[in-house]
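Residue 37 in this note's numbering sits at position 39 of the sequence shown, with consecutive numbering throughout.
Glycine included, C-beta positions come from ideal geometry on N, C-alpha and C.
On a predicted model such as this, the values are computed, not experimentally measured, just so you know.
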Amino acid sequence: MLISVKFGILVKLVKPYDYSLDGQPLTKVDDEKDLGVIISKGLKVFQRCASAYSKVNEVLSVINRSLSAKLVNVMLRLYNSAVRPHVEFRTAAWSPYY
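What follows is the structure in structure tokens.
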């Protein structure tokens, strides 16, 4: 089985390599999570965006359920301390120059 790899204009056919460690073949995975960031096989951002969206919604729903009086200054402080760090951390992973 050959895989085509693009280098600018040139296209090279490359045979995939099977890696091993101490004679045991390593399993192939489609995505890997490292330091809370999901790196996928095709380097697509969909899973990272979905993960960030899920985490932010989770934190926002906890804030929404736990407060009876939603004052603006309290909500801003909670957002800045609990929600914003998750957004900023995950945004840096897929858009480092933002």
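Closest option to Asp28, judged by alpha-carbon separation, among Asp20, Met73 and Ser38: Ser38.
Val85 and Leu74 have their C-alpha atoms spaced approximately 15 Å apart. Pro14 carries a coil assignment under DSSP once its states are collapsed to helix, strand and coil. Straight across, the Cα-Cα distance linking Val57 with Gly40 is about 29 Å. Ser79 has its alpha-carbon roughly 12 Å from the corresponding atom of Val54.
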